[in-house]
Amino acid sequence: MSTANFKAPQHFSLQFCGTIVTVLLAVQCTWTPEVKTLIHQSEVGNITLQTFSEFQVPPQHPHVLRESLIRQILQGITHTQENGLLQELLISDSKPSPVFSPAQIAFLTPHLVDAFSKATAEELITFRNLGTKVGETQVSGTVAVFSPSIFLLTIQNFGEYSGNHSKMASSSRNLQRHTTLMFSPEQAALNLKEAQHFMKMSSQDSWIAINYADLVPFRGNTQEEAPRPTTPIPSPQSEVTQPGMNTLEEQLQELRKKVDEQAEEIQRLQQATPK
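Here my numbering runs 13 ahead of the position in the sequence shown, where the first position is 1.
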(Lines of atoms letter the chains of each structure in order from A; the text may use other names.)
(Lines give C-alpha, C1' and ligand atoms only; values in the text may rest on other atoms or scores of the structure.)
Protein backbone atom coordinates (compact mmCIF):
# COMPACT_ATOMS: atom_id res chain seq x y z
CA MET A 14 0.00 0.00 0.00
CA SER A 15 1.41 3.37 -0.95
CA THR A 16 1.84 6.26 1.49
CA ALA A 17 -0.51 8.46 -0.58
CA ASN A 18 -3.32 5.92 -0.36
CA PHE A 19 -2.84 5.66 3.41
CA LYS A 20 -2.94 9.41 4.03
CA ALA A 21 -6.09 10.08 2.00
CA PRO A 22 -8.57 8.43 4.43
CA GLN A 23 -6.75 9.97 7.39
CA HIS A 24 -7.01 13.43 5.85
CA PHE A 25 -10.72 12.89 5.17
CA SER A 26 -11.29 11.84 8.78
CA LEU A 27 -9.57 14.97 10.08
CA GLN A 28 -11.74 17.17 7.85
CA PHE A 29 -14.90 15.37 9.00
CA CYS A 30 -13.97 15.77 12.67
CA GLY A 31 -13.20 19.44 12.12
CA THR A 32 -16.61 19.97 10.55
CA ILE A 33 -18.36 18.32 13.50
CA VAL A 34 -16.44 20.47 15.98
CA THR A 35 -17.35 23.62 14.04
CA VAL A 36 -21.04 22.69 14.03
CA LEU A 37 -21.01 21.93 17.75
CA LEU A 38 -19.35 25.26 18.51
CA ALA A 39 -21.90 27.11 16.39
CA VAL A 40 -24.79 25.37 18.14
CA GLN A 41 -23.28 26.11 21.55
CA CYS A 42 -22.89 29.80 20.70
CA THR A 43 -26.50 30.17 19.52
CA TRP A 44 -28.19 27.93 22.09
CA THR A 45 -29.40 29.60 25.27
CA PRO A 46 -29.56 27.26 28.28
CA GLU A 47 -32.91 27.22 30.09
CA VAL A 48 -32.50 28.75 33.52
CA LYS A 49 -35.40 29.09 35.95
CA THR A 50 -35.43 31.48 38.90
CA LEU A 51 -38.24 30.96 41.40
CA ILE A 52 -39.86 34.22 42.55
CA HIS A 53 -42.68 32.82 44.68
CA GLN A 54 -44.12 29.42 45.49
CA SER A 55 -47.04 28.39 47.69
CA GLU A 56 -49.95 25.98 47.70
CA VAL A 57 -51.86 28.50 45.57
CA GLY A 58 -49.31 28.64 42.75
CA ASN A 59 -45.87 29.80 41.68
CA ILE A 60 -44.15 32.58 39.72
CA THR A 61 -40.84 31.93 37.94
CA LEU A 62 -38.38 33.79 35.72
CA GLN A 63 -37.30 31.61 32.79
CA THR A 64 -34.74 32.24 30.05
CA PHE A 65 -36.28 32.16 26.58
CA SER A 66 -34.36 31.93 23.29
CA GLU A 67 -37.21 32.55 20.84
CA PHE A 68 -37.90 36.25 21.32
CA GLN A 69 -38.38 37.98 17.97
CA VAL A 70 -38.01 41.34 19.72
CA PRO A 71 -36.17 41.81 23.05
CA PRO A 72 -38.67 42.37 25.88
CA GLN A 73 -38.59 45.56 27.92
CA HIS A 74 -37.33 43.88 31.09
CA PRO A 75 -36.92 44.83 33.86
CA HIS A 76 -40.03 46.99 33.87
CA VAL A 77 -42.08 48.83 36.49
CA LEU A 78 -45.82 48.22 36.30
CA ARG A 79 -48.40 49.38 38.82
CA GLU A 80 -50.54 46.81 40.61
CA SER A 81 -53.68 48.66 39.51
CA LEU A 82 -52.66 48.31 35.84
CA ILE A 83 -51.89 44.58 36.06
CA ARG A 84 -55.15 44.03 37.94
CA GLN A 85 -57.07 45.87 35.23
CA ILE A 86 -55.41 43.81 32.48
CA LEU A 87 -56.11 40.47 34.17
CA GLN A 88 -59.72 41.45 34.85
CA GLY A 89 -60.24 42.35 31.18
CA ILE A 90 -59.05 39.01 29.72
CA THR A 91 -61.88 36.63 28.80
CA HIS A 92 -62.12 33.38 26.86
CA THR A 93 -64.50 31.29 24.79
CA GLN A 94 -64.14 27.63 23.91
CA GLU A 95 -65.20 25.98 20.67
CA ASN A 96 -67.63 23.17 21.43
CA GLY A 97 -67.92 19.80 19.78
CA LEU A 98 -70.97 18.76 17.76
CA LEU A 99 -72.75 17.20 20.75
CA GLN A 100 -72.01 20.24 22.90
CA GLU A 101 -73.32 22.54 20.16
CA LEU A 102 -76.64 20.66 20.27
CA LEU A 103 -76.88 20.90 24.06
CA ILE A 104 -75.56 24.46 24.45
CA SER A 105 -77.14 27.18 22.35
CA ASP A 106 -74.48 29.84 22.82
CA SER A 107 -71.11 30.35 24.45
CA LYS A 108 -70.52 33.68 26.17
CA PRO A 109 -67.04 34.96 27.09
CA SER A 110 -65.98 34.07 30.61
CA PRO A 111 -63.17 35.57 32.72
CA VAL A 112 -59.88 33.69 32.51
CA PHE A 113 -58.82 34.67 36.02
CA SER A 114 -61.00 34.54 39.12
CA PRO A 115 -60.83 37.36 41.71
CA ALA A 116 -58.75 35.09 43.98
CA GLN A 117 -56.30 34.32 41.17
CA ILE A 118 -55.97 38.02 40.31
CA ALA A 119 -55.31 38.84 43.97
CA PHE A 120 -52.58 36.17 44.03
CA LEU A 121 -50.92 37.02 40.70
CA THR A 122 -50.92 40.83 40.80
CA PRO A 123 -48.29 41.60 43.49
CA HIS A 124 -46.03 38.72 42.44
CA LEU A 125 -46.11 39.77 38.77
CA VAL A 126 -45.15 43.32 39.79
CA ASP A 127 -42.19 41.86 41.69
CA ALA A 128 -41.23 39.54 38.82
CA PHE A 129 -41.32 42.31 36.19
CA SER A 130 -38.97 44.41 38.31
CA LYS A 131 -36.43 41.53 38.43
CA ALA A 132 -36.69 40.01 34.93
CA THR A 133 -33.93 40.52 32.35
CA ALA A 134 -34.17 40.97 28.58
CA GLU A 135 -33.48 37.23 28.16
CA GLU A 136 -36.28 36.12 30.49
CA LEU A 137 -40.03 35.84 30.45
CA ILE A 138 -42.30 35.26 33.44
CA THR A 139 -44.10 31.96 33.89
CA PHE A 140 -47.01 31.54 36.27
CA ARG A 141 -49.14 28.69 37.51
CA ASN A 142 -52.32 29.03 39.53
CA LEU A 143 -53.31 25.76 41.17
CA GLY A 144 -56.85 24.88 42.10
CA THR A 145 -57.32 23.97 45.74
CA LYS A 146 -60.87 22.66 45.42
CA VAL A 147 -62.55 20.38 42.90
CA GLY A 148 -64.24 22.55 40.25
CA GLU A 149 -61.85 25.50 40.54
CA THR A 150 -60.05 26.56 37.39
CA GLN A 151 -56.33 25.94 37.03
CA VAL A 152 -54.39 28.18 34.67
CA SER A 153 -50.74 28.45 33.70
CA GLY A 154 -48.88 30.49 31.11
CA THR A 155 -46.34 33.24 30.49
CA VAL A 156 -46.25 37.04 30.42
CA ALA A 157 -43.80 39.58 29.00
CA VAL A 158 -43.74 43.31 28.26
CA PHE A 159 -42.49 44.81 25.00
CA SER A 160 -41.83 48.40 23.98
CA PRO A 161 -43.55 50.76 24.02
CA SER A 162 -46.51 49.39 26.04
CA ILE A 163 -47.38 45.84 24.96
CA PHE A 164 -48.43 43.24 27.55
CA LEU A 165 -48.22 39.76 25.99
CA LEU A 166 -49.85 36.81 27.77
CA THR A 167 -49.95 33.16 26.71
CA ILE A 168 -52.13 30.46 28.24
CA GLN A 169 -50.55 27.01 28.11
CA ASN A 170 -52.94 25.05 30.32
CA PHE A 171 -56.49 25.86 31.29
CA GLY A 172 -58.94 23.50 32.98
CA GLU A 173 -60.80 22.52 36.12
CA TYR A 174 -59.03 21.03 39.11
CA SER A 175 -59.91 17.35 39.41
CA GLY A 176 -58.13 16.67 42.69
CA ASN A 177 -54.79 15.74 41.10
CA HIS A 178 -52.38 18.50 39.99
CA SER A 179 -50.44 16.07 37.78
CA LYS A 180 -53.48 15.63 35.53
CA MET A 181 -53.69 19.31 34.73
CA ALA A 182 -51.65 19.28 31.52
CA SER A 183 -53.23 16.18 29.98
CA SER A 184 -56.82 17.06 30.88
CA SER A 185 -56.68 20.72 29.93
CA ARG A 186 -54.59 20.52 26.75
CA ASN A 187 -57.52 19.33 24.63
CA LEU A 188 -59.70 22.12 25.98
CA GLN A 189 -56.96 24.67 25.54
CA ARG A 190 -56.62 23.95 21.82
CA HIS A 191 -60.14 25.32 21.38
CA THR A 192 -59.73 28.33 23.68
CA THR A 193 -59.86 31.85 22.25
CA LEU A 194 -58.66 34.76 24.37
CA MET A 195 -60.27 38.20 24.16
CA PHE A 196 -59.91 41.51 25.96
CA SER A 197 -62.20 44.32 26.97
CA PRO A 198 -61.98 47.04 25.75
CA GLU A 199 -61.47 45.45 22.32
CA GLN A 200 -59.52 48.38 20.84
CA ALA A 201 -56.63 47.70 23.24
CA ALA A 202 -56.08 44.14 21.93
CA LEU A 203 -53.67 43.55 19.04
CA ASN A 204 -54.53 41.07 16.29
CA LEU A 205 -52.83 37.66 16.18
CA LYS A 206 -50.33 38.59 13.46
CA GLU A 207 -49.17 41.60 15.46
CA ALA A 208 -48.78 39.42 18.56
CA GLN A 209 -46.62 36.89 16.69
CA HIS A 210 -44.19 39.69 15.82
CA PHE A 211 -42.79 39.70 19.38
CA MET A 212 -41.99 36.04 20.09
CA LYS A 213 -42.46 32.53 18.75
CA MET A 214 -45.42 30.77 20.30
CA SER A 215 -46.65 27.20 20.19
CA SER A 216 -49.69 26.49 18.03
CA GLN A 217 -51.17 24.65 21.02
CA ASP A 218 -51.09 27.78 23.20
CA SER A 219 -53.56 30.65 23.27
CA TRP A 220 -52.21 34.16 23.47
CA ILE A 221 -53.24 37.79 23.51
CA ALA A 222 -51.28 41.05 23.21
CA ILE A 223 -52.64 44.17 24.89
CA ASN A 224 -51.58 47.76 24.30
CA TYR A 225 -52.10 49.08 27.81
CA ALA A 226 -51.51 52.67 26.64
CA ASP A 227 -55.08 52.50 25.29
CA LEU A 228 -56.56 51.76 28.70
CA VAL A 229 -58.44 54.72 30.20
CA PRO A 230 -56.66 55.01 33.60
CA PHE A 231 -53.24 54.75 31.95
CA ARG A 232 -54.13 57.39 29.36
CA GLY A 233 -55.61 59.61 32.05
CA ASN A 234 -52.41 59.49 34.12
CA THR A 235 -50.41 60.45 31.05
CA GLN A 236 -52.57 63.50 30.49
CA GLU A 237 -52.21 64.58 34.11
CA GLU A 238 -48.43 64.50 33.80
CA ALA A 239 -48.42 66.74 30.70
CA PRO A 240 -46.71 70.14 31.23
CA ARG A 241 -49.01 73.00 31.96
CA PRO A 242 -48.77 76.38 30.16
CA THR A 243 -46.62 78.93 31.98
CA THR A 244 -48.01 82.07 30.28
CA PRO A 245 -49.69 84.21 32.98
CA ILE A 246 -53.36 84.99 32.48
CA PRO A 247 -54.20 88.69 32.91
CA SER A 248 -56.31 89.37 35.99
CA PRO A 249 -59.53 91.40 35.76
CA GLN A 250 -57.90 94.16 37.82
CA SER A 251 -55.20 94.75 35.22
CA GLU A 252 -57.84 94.94 32.49
CA VAL A 253 -59.74 97.57 34.47
CA THR A 254 -56.70 99.76 35.14
CA GLN A 255 -55.49 99.65 31.52
CA PRO A 256 -57.79 102.50 30.29
CA GLY A 257 -56.56 104.74 33.13
CA MET A 258 -52.94 104.21 32.08
CA ASN A 259 -53.77 105.20 28.51
CA THR A 260 -55.46 108.42 29.68
CA LEU A 261 -52.45 109.41 31.80
CA GLU A 262 -50.06 108.89 28.89
CA GLU A 263 -52.25 111.07 26.66
CA GLN A 264 -52.21 113.85 29.26
CA LEU A 265 -48.42 113.69 29.54
CA GLN A 266 -48.07 113.91 25.77
CA GLU A 267 -50.32 116.98 25.69
CA LEU A 268 -48.29 118.61 28.47
CA ARG A 269 -45.00 117.94 26.64
CA LYS A 270 -46.49 119.43 23.49
CA LYS A 271 -47.49 122.64 25.28
CA VAL A 272 -44.05 122.95 26.93
CA ASP A 273 -42.38 122.57 23.54
CA GLU A 274 -44.66 125.22 22.01
CA GLN A 275 -43.88 127.65 24.83
CA ALA A 276 -40.14 127.05 24.46
CA GLU A 277 -40.36 127.78 20.74
CA GLU A 278 -42.33 130.99 21.40
CA ILE A 279 -39.74 132.21 23.95
CA GLN A 280 -36.92 131.48 21.51
CA ARG A 281 -38.74 133.37 18.73
CA LEU A 282 -39.28 136.41 20.94
CA GLN A 283 -35.63 136.45 22.00
CA GLN A 284 -34.52 136.46 18.38
CA ALA A 285 -36.91 139.31 17.47
CA THR A 286 -35.80 141.63 20.32
CA PRO A 287 -33.21 144.28 19.04
CA LYS A 288 -29.84 144.23 20.78
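Every residue, glycine too, gets a C-beta built ideally from N, C-alpha and C.
All figures in this text were calculated on a predicted structure; none of them were measured in a lab.
Alpha-carbon to alpha-carbon, residue j and residue i
i, j, result
"Ile168", "Pro161", "22 Å"
"Pro109", "Pro123", "26 Å"
"Arg141", "Ser55", "10 Å"
"Gln94", "Asn170", "13 Å"
"Met214", "Gln69", "10 Å"
"Ile279", "Gln266", "20 Å"
"His92", "Tyr225", "19 Å"
"Glu67", "Glu149", "32 Å"
"Leu82", "Pro46", "32 Å"
"Ile104", "Gln88", "Because the pLDDT at Ile104 is just 48, under 50, the model does not fix this residue reliably, and the value given afterwards should be weighed accordingly. Approximately 25 Å, taken between the alpha carbons."
"Pro198", "Phe65", "30 Å"
"Thr155", "Gln200", "22 Å"
"Lys206", "Ile60", "28 Å"
"Glu277", "Ala285", "12 Å"
"Gln117", "Glu80", "14 Å"
"Pro75", "Ser130", "5 Å"
Residues that residue i bridges to, as DSSP identifies them
i, result
"Gln54", "Asn59"
"Gly154", "Phe140, Ile168"
"Gln85", "Looking at the DSSP assignment, Gln85 forms no beta bridge with any residue, so it has no partner."
"Ile118", "Answer by DSSP bridge pairing: none, since Ile118 is not bridged."
"Phe159", "Ile163"
"Leu194", "His92"
"Thr64", "Glu136"
"Lys49", "Gln63"
With 16 other Cβ atoms within 10 Å as the buried cut-off, status of residue i
i, result
"His210", "exposed"
"Arg269", "exposed"
"Leu282", "exposed"
"Arg84", "buried"
"Ala202", "buried"
"Gln151", "buried"
"Ile86", "buried"
"Thr133", "exposed"
"Val158", "buried"
"Glu274", "exposed"
"Pro72", "buried"
The ligand GTP heavy atom lying under 7 Å from the CB of residue i
i, result
"Glu47", "No copy of the ligand GTP occurs in the structure displayed, which carries no ligand at all."
Do the stretch 191-207 and the stretch 219-229 touch if we need at least three Cβ pairs shorter than 8 Å? Short answer: they touch.
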